[in-house]
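Chains as they are written, first to last, in our numbering: chain A, 48 to 339; chain B, 147 to 464. Think of the CB as a built atom: it goes at the ideal place given N, C-alpha and C, for glycine as much as any other residue.
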Amino acid sequence: MLQTVLQLLATSLQIGAVYVLFSLGLTLIFSIMRVVNFAHGHFFAISALIVSYGVEHLVAMGFSVLPAYLLSTGAGIAVALILGAIVYQFGLRFFLRDMEGAFILTMGLALFLDGALLGAFGGAVRSVPEIVSGDVSFFGVAVTMQRLALCIAAVIVTVALYWAMSATKLGKALRAVAADHEAAMLQGIPYGKLALTGFLIAAALAALSGALIAPVSIVSPVMGSDYLIKGFMCVIVGGLGSVPGAIVGALFIALVEAVGGYYLDSSAATVAIFVLVIVVLLIRPRGLLAHG
Amino acid sequence: MDRLRIPWWLAGGASAIAATVLIQDAYTTSIINLIAIAALTAASLRFVMLIGEVSFATAAFVGLGAYSAGVATTILDWPFAVALLVGPVLVTAVSIVFGVITLRIKGPYFTLIGFAFTEAVRILFSKTEFIGGTSGMIGIFPPPAIDAWLSTIVMAVVVACVFALYAIEKSDFGKVLVAIRDNENIATSVGINVLFCKVACFAIASFCAGVVGSLHAFANNVISPGDFSFLLAAFALAYVKVGGESSILGAVFGAIILVLLDSYALGLGAGENLFYGGAIVLAVLLMPNGLIGLVTSASRRLARARAGNGPTLNRKTA
């Protein structure tokens, strides 16, 4: 019994690690730009796809697996950043704080990227070879090294982001803009520039989580939608725009998914998540940790 | 109450219905069915946009309507008219519960929850064995006597529903909805029960979504969970945005143009998502008011040119 509980906790932390990074991006975009990005899942999918192709080609060229993976991850994040800059410069820039307009724009973008990714990469499901091998076990719970590395990477990035948001000048400016963008602009904070910065950070987070999930999951052009739906659930439960909320929400959703997946099956778990989100909304309409 | 332009609607509706009677070619008829169904989906989605919300739950409600018609016809053997109506009634009931929970909060929660709801309902369909699971339901046929007239019935129902939505929008209730979108607090301050009006608007739109589902089931004869993913609502959004949000005719024109272009594009083998996504992005960036907006601004410019006024740059400063 205890064994099962520990195993489930370990599983939910592994799932949660990726959800946290993904939801942090969504919530960052929302708090700064007051829009929801429906194409967020595609930044994630593009990076995972690039990693899966990059590792294959680099290994074929004679690289060993780990450097090949790190290089492809860098490439995935770079492509996501370029795409993010294009999307912001030619689209989202005109829809700051325009919830409905941005909804529609990013929805269209998501459909477009869906078609583009399917055209470019084909619909086939791909996988990435094992990057680090071996198992470790804590208190009798076995965890593969890959998943442990994933968790550690996610924790480091989350802590770094948290620190950056509270201690650096950029982080303080981002928080000021999120709290009241007009007051922030009166203090000389350039809103447009910060919105771009926030959007790029979010794109990088999505790309990083895509690269992290690629070795432990199957990779396909349509994988983004699943994570997008889960990411929405996470930020709704936690409270849109709240950084701690995104973390708590992501861990909550991951726990439900792990427990539901263990006792029922994965699609029943998805339905259970939805029911629980409705319950949370009934009790706390703005999510668990939202303010105002 | 505004003039409802009833003669125009009668003429337009009658010619649309007459077209379905005159055209016997099976392929053309199927395209006309697609257009009619798409137009009502878009009109339903746009009706919720009157209160400033984008409802992805529309796709789930269309699915619920279609599956109700399917169960009523193939399993319960209910008569055609009842099977046609049971979906919309059920959907309206579900949408009221859904709306009371989700419409209390302003902001993006409604859209996000609708998005998640659609996916949850789709999974539920594909996991329920008695309605066919992942492969869906087959053999949802109208009675043989009606079969030849199905396209006419579809068009008549769609025209009636679209006109009803138009009439409601132009009524006092419709003005209340727009007032809520513009400023909820002002609406509350003059004694309007905002939540009630929002839920009523959502329920009316969802009834139409249920009708869309029933018609879809009978027009297609086959339904499967994959037909009712959030993409259905996203496509409807494309119709509304390309056609123009300011008028219900925008939704109808958008549906006509995009479905025609799409059936042409499919012949070329181009990706459907690429096509619709590109259409939405371009429409939002280049013509924020849609085709209807282009037409009205062009006709206004024409009228001004005729009146002899050049472009009046100073009007803003005056």
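At a CB distance below 9 Å, what residues from the segment 395-421 of chain B approach chain A? Give them in sequence order.
If the cut-off is 9 Å between Cβ atoms, the segment 395-421 of chain B has Ala416, Gly417, Glu418, Asn419, Leu420, Phe421 near chain A.
Locate the beta strand (DSSP E) running through Ala294 (chain B), then write down its first and last residues.
First-last for Ala294 (chain B): undefined, no H or E at that position.
Measuring only the C-alpha atoms, how far is Val308 (chain B) from Ile181 (chain B)?
Computed Cα separation, rounded: 13 Å.
By the 10 Å Cβ neighbour count, where 16 or more other Cβ atoms means buried, how is Phe276 (chain B) classified, buried or exposed?
By the neighbour-count rule (16 or more Cβ atoms within 10 Å), Phe276 (chain B) is not buried but exposed.
Give a yes or no on whether the minimum CB-CB distance between Ala380 (chain B) and chain A is below 8 Å.
Yes, Ala380 (chain B) counts as interfacial toward chain A.
Let's test the definition: count the other Cβ atoms within 10 Å of the Cβ of Asn339 (chain B) and tell me whether it reaches 16, buried, or not, exposed.
So Asn339 (chain B) counts as exposed.
Cα-Cα, which of A:Gly292, A:His228, A:Gly63, A:Tyr100 is closest to Val303 (chain A)?
Answer by Cα proximity: A:Gly63.
Over what stretch of residues does the beta strand (DSSP E) that includes Val266 (chain A) continue unbroken?
First-last for Val266 (chain A): undefined, no H or E at that position.
Is Gly339 (chain A) helix, strand or coil when you go by DSSP?
Confidence at Gly339 (chain A) is low in this model, with a pLDDT of 43, below 50, so the placement of that residue should be treated as unreliable; the coordinate-derived value is given next. Here Gly339 (chain A) sits in coil by DSSP.
Would you mind giving the Cβ-Cβ distance between Ser94 (chain A) and Ile124 (chain A), rounded to the nearest angstrom? I have them listed as a contact below 8 Å.
Confirmed, Cβ separation roughly 6 Å.
Whose C-alpha, out of B:Phe244, B:Thr442, B:Val358, B:Thr280, is nearest the C-alpha of Val300 (chain B)?
Out of B:Phe244, B:Thr442, B:Val358, B:Thr280, B:Val358 has the C-alpha closest to the C-alpha of Val300 (chain B).
Got a sec? Which residues, its chain only, sit under 6 Å from Leu152 (chain A) by beta carbon, not counting five neighbours each side?
Hits under 6 Å: Gly138, Phe142.
Given a cut-off of 8 Å on the beta-carbon distance, is the pair Thr174 (chain B) and Ala355 (chain B) in contact?
No, these two residues do not count as a Cβ contact at 8 Å.
Helix, strand or coil, according to DSSP, for Thr153 (chain A) in the structure here?
Thr153 (chain A): helix per DSSP, three-state reduction.
Could you check the C-alpha separation between Glu418 (chain B) and Phe376 (chain B) for me, to the nearest Å?
C-alpha separation (whole angstroms): 14 Å.
Locate the alpha helix (DSSP H) running through Asp328 (chain B), then write down its first and last residues.
First-last of the alpha helix (DSSP H) with Asp328 (chain B): 318-328.
Buried or exposed for Met280 (chain A), going by 16 or more other Cβ atoms inside 10 Å?
With 16 or more other Cβ atoms within 10 Å, it is buried.
Does DSSP classify Arg173 (chain A) as helix, strand or coil?
Note: Arg173 (chain A) maps to strand in three-state DSSP.
In the segment 313-337 of chain B, which residues sit with their C-beta less than 8 Å from some C-beta in chain A, listed in chain order?
Result list empty, no residue passes.
I'd like to know whether the C-beta of Val194 (chain B) is nearer than 8 Å to at least one C-beta of chain A.
Judged by the 8 Å Cβ criterion, Val194 (chain B) is not in contact with chain A.
Within the same chain, show all residues whose beta-carbon is closer than 7 Å to that of Thr27 (chain A), passing over the 5 residues directly before and after it, in chain order.
Past the edges of chain A, shown from 48 to 339, lies residue 27 (chain A), and the structure says nothing about it.
My assumption, with CB atoms under 8 Å, is that Ala451 (chain B) sits in contact with Ala184 (chain B). Please give the rounded CB distance.
At roughly 36 Å, the Cβ-Cβ gap does not stay under 8 Å, so Ala451 (chain B) and Ala184 (chain B) are not in contact.
By alpha-carbon positions, which one of A:Leu195, A:Phe186, A:Pro176, A:Leu336 ends up nearest to Val112 (chain A)?
Minimum Cα distance to Val112 (chain A) is reached at A:Pro176.
I'd like the list of long-range same chain contacts for Gly211 (chain B), defined as Cβ closer than 8 Å, with 5 residues on each side in sequence excluded.
Cβ within range, chain order: Gly233, Pro234, Leu236, Val237, Ala355, Gly356, Val357, Val358, Gly359, Ser360, His362, Ala363.
Under 7 Å between beta-carbons, which chain B residues line up against Pro237 (chain A)? List them in chain order, please.
Under the 7 Å cutoff, chain B gives no residues; its nearest Cβ is about 24 Å from Pro237 (chain A).
Would you decide whether Tyr310 (chain A) is buried or exposed? Buried here means 16 or more other CB atoms lie within 10 Å of its CB.
Tyr310 (chain A) comes out exposed.
Can you find the residues in the same chain that come closer than 7 Å, C-beta to C-beta, to Asn460 (chain B), ignoring five residues on each side of it along the sequence?
Here Asn460 (chain B) scores only 47 on pLDDT, less than 50, and its place in the model should not be relied on; the value that follows carries that caveat. Counting only Cβ-Cβ distances below 7 Å, and skipping sequence neighbours, we find nothing.
Between Ser201 (chain B) and Gly279 (chain B), is the Cβ-Cβ spacing less than 8 Å?
Cβ distance not < 8 Å, so Ser201 (chain B) and Gly279 (chain B) don't count as in contact.
Measuring CA to CA, which of A:Ala249, A:Leu255, A:Ala220 is closest to Tyr238 (chain A)?
Closest by alpha carbon: A:Ala220.
How big is the Cα-Cα spacing for Gly216 (chain B) and Ala229 (chain B)?
If I take the Cα positions, the gap works out to 8 Å.
Would you give the residue range spanned by the alpha helix (DSSP H) that Phe299 (chain A) belongs to?
Segment 290-310, the alpha helix (DSSP H) holding Phe299 (chain A).
Taking DSSP's pairing of strands, which residues face Val237 (chain B) in a bridge?
Beta-bridge pairing links Val237 (chain B) to no other residue.
Closest by CA to Leu255 (chain A), which one among A:Phe150, A:Val327, A:Leu197?
With distances taken between Cα atoms, Leu255 (chain A) lies closest to A:Leu197.
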